[in-house]
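The opening residue of the sequence shown carries number 81 in the numbering used here; numbering runs sequentially from there.
Every residue, glycine too, gets a C-beta built ideally from N, C-alpha and C.
Structure record follows, encoded as structure tokens.
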Amino acid sequence: MSMSASGPLTDVVARSADIPWVPQGSGNVWFKPLRISVEQNRWINLLKVTTGGIVNRHRHLSEVEGWVIQGSWHYLEHEWTANPGDFVYEPRGDVHTLVADVEDEDHPMLTLFSIHGDIEYVDENGEQLYIEDARSKLRRYLEHCETAGITAPDVAY
81 MSMSASGPLT
91 DVVARSADIP
101 WVPQGSGNVW
111 FKPLRISVEQ
121 NRWINLLKVT
131 TGGIVNRHRH
141 LSEVEGWVIQ
151 GSWHYLEHEW
161 TANPGDFVYE
171 PRGDVHTLVA
181 DVEDEDHPML
191 TLFSIHGDIE
201 YVDENGEQLY
211 IEDARSKLRR
221 YLEHCETAGI
231 TAPDVAY
């Protein structure tokens, strides 16, 4: 049986409208955590990218699944484009740079990602810059809420 801080874990509904968007990276990129499990080192979040937004080059140390909700995006290192309704599977070890194909600020790219472990951000030579894991993702979310004066909805379960 799974446990939360208050006892046995039951069904949970994440009210995404109540969860704030958290800035990620170099601007025009935000994430909205729906679930972060530090115990399992995995998280599920919405990713929003507007015009000019890029998710810097990174390597997945575990697999990732994504479902495109709105807009389209591609990886600089691959030939395909992901469009609304598309499912994307990223195997362990895949290295790529996400670029959103957004022309209208009012229609950002939105994709739901399920991340199953660490993400290693790398430079142009493939050298590690830093590692993101469930603990650092949760910390970034909580720090953002505190700075913004927002009561952070519980996403850690």
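Flag this pair as touching only if the stretch 122-131 and the stretch 186-200 have three or more C-beta atom pairs under 8 Å; answer yes or no.
A contact exists between the stretch 122-131 and the stretch 186-200.
In this structure, how does DSSP classify S96 when only helix, strand and coil are distinguished?
In the sequence shown, the residue the question calls residue 96 occupies position 16. Of the three classes helix, strand and coil, the one that applies to S96 here is helix, per DSSP.
Beta-carbon separation (whole angstroms), L156 vs V179, contact threshold 8 Å:
Reading the sequence shown from its first residue, position 76 is the one you call residue 156. Reading the sequence shown from its first residue, position 99 is the one you call residue 179. 6 Å between Cβ atoms; contact.
G165 to G151, Cα distance in whole Å?
As a working mapping, residue 165 is identified with position 85 in the sequence shown. As a working mapping, residue 151 is identified with position 71 in the sequence shown. Straight-line Cα distance between these residues: approximately 10 Å.
Along the chain, which unbroken stretches of the beta strand (DSSP E) at least 3 residues long are found entirely within the stretch 160-207?
Listed in chain order, they are 167-170, 175-180, 189-195, 199-202.
Reference T177, options S106, A94, L89, A97, closest by Cα:
Reading the sequence shown from its first residue, position 97 is the one you call residue 177. Looking at the Cα atoms, S106 is the closest of the given residues.
How many Å lie between V92 and D203 at the Cα?
Mapped onto the sequence shown, residue 92 falls at position 12. Mapped onto the sequence shown, residue 203 falls at position 123. About 38 Å.
How should G133 be labelled, buried or exposed, when 16 other C-beta atoms within 10 angstroms of its C-beta is the threshold for buried?
Taking the sequence shown and counting its residues from 1, one reaches residue 133 at position 53. Buried.
Where does A228 fall in DSSP's three states?
Residue mapping note: residue 228 aligns to position 148 of the sequence shown, counting from 1. In this structure, A228 counts as helix in the three-state DSSP scheme.
Since E143 is in the beta strand (DSSP E), which residue starts that stretch and which ends it?
Here residue 143 refers to the residue found at position 63 of the sequence shown. Unbroken run through E143: none, as it is neither H nor E.
Residue from M189, K217, Y221 whose Cα sits closest to the Cα of I230
On the sequence shown, position 150 is the one that residue 230 refers to. If you compare the alpha carbons of M189, K217, Y221 with that of I230, the shortest gap goes to Y221.
Helix, strand or coil for Y237? Go by DSSP, reduced to three states.
Taking the sequence shown and counting its residues from 1, the one referred to as residue 237 is at position 157. In this structure, Y237 counts as coil in the three-state DSSP scheme.
Euclidean distance between Cα positions of G111 and L127:
For this step, residue 111 is matched to residue 31 along the sequence shown. For this step, residue 127 is matched to residue 47 along the sequence shown. The question names Gly, but residue 111 is Phe in the sequence shown. When rounded, the distance between both Cα atoms is 5 Å.
Which partner residues does S106 have in the DSSP bridge list?
Position 26 of the sequence shown, counted from the first residue, corresponds to residue 106. According to DSSP, which records beta bridges pairwise, S106 is partnered with nothing at all.
P233: which of I99, H187, R219, R137 sits nearest, CA to CA?
Position 153 of the sequence shown, counted from the start, is the residue given in the question as residue 233. Nearest option by C-alpha distance: I99.
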